[in-house]
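Data block below; observations after.
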């Protein structure tokens, strides 16, 4: 047990460099954008950037954990859609009360993730394929339930969650920040979460150390699913609807942000604050382009290039060989 | 005797998948009279031929331990480029040649970035995928490219010995790559490089240079698929090829390749391609209820892969340890 | 061991095949007549209305007429063409299609017609193909109506921000029509933002656009999704009631926003009628009469107008689309 704690501490020390780098990069970008356009550093713009990045952020946190485990989850977007649909349908039909509907929705998202993890662990199948299949399954399920229609007519008590503000800051932003702080702390200090590092770095070794690798994997994917569920609740609440097309392509952005933040595909590495900075950076750049009236056609080109540049300026981790 | 045949067969292909494919084909042919017709066979083939061609390149990339997410975008860019070149009166041959060169260079760029940036191919090709499709949008600004010369339509619409040309092209390419992969020393290195790049380097193989080759092939084949698409529809617009990489990777993985590298073959991929082509058609023929096709697709994917693991375990008695299959490996 | 393994293999395969069979034959074997609708964005509410219209018409025409909905969920025109080809191979009795890209679909449509299958286009036409008829309003016209209405809203003078996303041709057409509709007045489009086609991204994009252009008096949503996002964006910059919003189509969120007075009006085409009339025409084209057919008009204009609060009542209950029927 001390071995794992020490190795994870070593890992986190190594990462401070990465997070500092990102912080510097973000500051530079903010400087550039605010000189180029006066509209960036306004209260309403910053509020909207913060709100907009909440969804990507929460999903990216779950994705980071899965990446640390050495896997990945392509089904988060569909998870968001299906969870959102189930929750909003329940509320629309008035079948159960709002808190119960939310509880059911979060459970569904958790279970979807757990199924992913269980299939991966039990059958030793590549996470790419399993979550790819789940992605189709869940998205298809969301479509089947709604035929593509929006689910509306949601009770006010639900909408408050996404639209409420505390001291002028949107509630989801506060919750997301709290999650970042708490999750980062727990990941570094709580053994049950911390095990992801040794499991991801060398699963067979971890098994020899007495860690239940199967259980860690299942719970890890379930946690990722749960984060997707939380995102779904906020999204449906803020936008006042459930929609089968929610969460499209969010898995790509979440993966990108997590990798920029320091996670790798080989597992054993990842940083919560790094992911946070990754999401922030991408959101700021995107926002900057809109403010500067960039052609909508060029935006896609730039987004792709940014992803690559961000990796280039980031730490060269050892995806060697 | 039968078991010996079965065992030999299972070396070349994914047995579980073969059984399911044959089973599905038989059931469909019996139940639906329009299924087992010459016309439908053609539709089945042409309905997946672009993905099939790209799957050949993807097989090599995946065996080498990488992945190429940019093929859908390379497809759409090349279909637009070949159109623009043709409209600029460069002639069919030159237009095709230039387009293939540009496609190949995108693959080269992918490989160089993967090598230099030491980044995972997933992220690099993801970036390329977005950037290239964005570039395709910039070139067209949402308008389709039309006005191709008639002579160009042979590649997508013509027939050779009564078989559609794209299918013939696929067969020829598949045979070529099969021979290359199995019987040439250079190409069969891919298995070694894929399963243990470190050891391969120690043995003197130039892994970085080999990577150039795999990604260039993958991108060039995507370019070929794009040219064929443009020829099929004598037009090109920026919406082509969305999600194509998913279908291609599914075909290769269902066929039996492993994302961590070192496992896979052209034969397996061909079976994966055939299976998916049949499934796509079967769903229409059977009138699968709206929106259930996605559900069916997802479950079939997982079931096939689970089956393959099951049969592999039965055959070899080896249960994969974790390292062998988690994405990336070490 | 070998024998048991083989029989396990066999039983596994057989059970799998039967599972697939049951899933597939949930829909019956070829119904008496099958008509297929092909769209380029399956799951879009707009096309759900059209399909609802098609289903209702089919019910009227006969109990043995079955309808199916096919097409990609991703705008990919080549996938749409493939869907048509698959339907041709299946031997359907009629195809109703909205063309994601006309040139791409022309060969497939012509093939269907060559095989004797009537093809009716709706919403987005393929005018150069051999389709028998077209039902709808074209996107350019719809945009123009919107532009003219916007001039009225702003009393001939003002700045407009447009929310759209790059890629689909029909949005380009709508915006072109919109700008032409503004001609002759002092209303100008000053900005276009990319909402990525998504509801969630629209809010952020439009907010940023409004920030960058505080002079904007109105927002035009070129498609169905950014409407609610525009409402939230206007609230974010604190200009509720000061900025007019014109939505597109009548998804429930837009309808509700109109009801609450947050959106002034939306561009309402008539997708239900498009599907309904197309089904009638496709069926009609198959019928034998004394005079050699097919008897379909060259095109049918299903109308487009700006729907405001007084008009939206009927849109509050979309066709109950039961999956699988």
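Protein chains in written order, with my numbering: chain Y, 0 to 320; chain C, 16 to 345; chain P, 1190 to 1514.
Every residue, glycine too, gets a C-beta built ideally from N, C-alpha and C.
What you are looking at is a predicted structure, and each value in this text was computed from that prediction instead of being measured.
If you draw a 10 Å sphere on the C-beta of residue 99 of chain Y, you find fewer than 16 other C-beta atoms in it, and that means exposed. The shortest C-alpha to C-alpha distance from residue 1467 of chain P to any of P/1221, P/1497 and P/1239 is the one to P/1239. Burial check for residue 1387 of chain P: the Cβ neighbour count within 10 Å reaches 16 or more, so the residue is buried. The residue among Y/262, Y/206 and Y/78 with its C-alpha nearest the C-alpha of residue 139 of chain Y is Y/78. Under the 10 Å beta carbon count, residue 158 of chain C is surrounded by fewer than 16 other beta carbons and is classified as exposed. Under the Cβ criterion of 9 Å, residue 1400 of chain P is counted among the residues facing chain Y.
Proximity of residue 118 of chain Y to chain C, defined by a Cβ-Cβ separation below 9 Å, is satisfied.
Per DSSP, reduced to three states, the secondary structure at residue 16 of chain C is coil, with no helix or strand assignment.
Within the same chain, Cβ atoms closer than 6 Å to the Cβ of residue 85 of chain Y are found at 104 and 107, the five residues on either side in sequence being excluded.
Per the C-alpha coordinates, the member of P/1332, P/1356 and P/1246 positioned closest to residue 154 of chain C is P/1356. For residue 146 of chain Y, a Cβ of chain P is located within less than 9 Å of the residue's own Cβ.
Setting aside the 5 residues that flank it on each side, residue 271 of chain Y is surrounded in the same chain by 60, 63, 179, 182, 183 and 186, each with a C-beta closer than 7 Å to its C-beta; the list follows chain order. 9 Å or more divides the Cβ of residue 302 of chain Y from the Cβ of residue 1397 of chain P. Secondary structure note for residue 54 of chain Y: its alpha helix (DSSP H) is the uninterrupted segment 42-67. The beta-bridge partner set that DSSP reports for residue 174 of chain C consists of C/179. Distance from residue 1267 of chain P to residue 255 of chain C at the Cβ level is roughly 5 Å; contact confirmed, criterion being Cβ atoms closer than 8 Å. Taken atom to atom, the span from the alpha-carbon of residue 249 of chain C to that of residue 1290 of chain P is near 12 Å. With contacts defined as CB atoms closer than 9 Å, residue 309 of chain C and residue 156 of chain Y fail to qualify as a contacting pair. Sixteen is the threshold: since fewer than 16 other Cβ atoms of the shown chains lie within 10 Å of the Cβ of residue 1486 of chain P, the residue is exposed.
CA-CA distance, residue 260 of chain C to residue 131 of chain Y, rounds to 12 Å. Contact check between the segment 1289-1305 of chain P and the segment 1423-1434 of chain P: fewer than three CB pairs, one atom from each, fall below 8 Å, which does not count as touching. By the Cβ neighbour-count rule, residue 1382 of chain P is buried, with 16 or more other Cβ atoms within 10 Å of its own. Per DSSP, reduced to three states, the secondary structure at residue 1377 of chain P is strand. Taking CB atoms only, residue 1276 of chain P has a neighbour in chain C less than 9 Å away.
Flagged as an interface residue toward chain Y: residue 314 of chain C, by a C-beta distance shorter than 9 Å. For residue 271 of chain C, the secondary structure class from DSSP, reduced to helix, strand or coil, is coil.
A straight line joining the alpha-carbon of residue 267 of chain Y with that of residue 261 of chain Y spans about 11 Å.
Counting the other Cβ atoms within 10 Å of the Cβ of residue 73 of chain C gives 16 or more, which makes it buried.
DSSP places residue 110 of chain C inside the alpha helix (DSSP H), whose first and last residues are 107-132. Here residue 1476 of chain P carries a coil assignment [DSSP, helix/strand/coil]. For residue 1504 of chain P, there is no enclosing alpha helix (DSSP H), as DSSP gives it neither H nor E. For residue 1463 of chain P, no CB of chain Y lies under 9 Å from its own CB, so it is not counted at the interface with that chain. The way I'd put it, the segment 129-146 of chain C does touch the segment 289-304 of chain Y; three or more beta-carbon pairs between them come closer than 8 Å. Burial check for residue 170 of chain C: the Cβ neighbour count within 10 Å reaches 16 or more, so the residue is buried. In its chain, beyond the 5 residues on either side, 71 and 73 have a beta carbon closer than 8 Å to the beta carbon of residue 127 of chain Y.
Scanning its chain for C-beta atoms nearer than 8 Å, with the 5 sequence neighbours on each side dropped, one finds around residue 1400 of chain P the residues 1426, in chain order.
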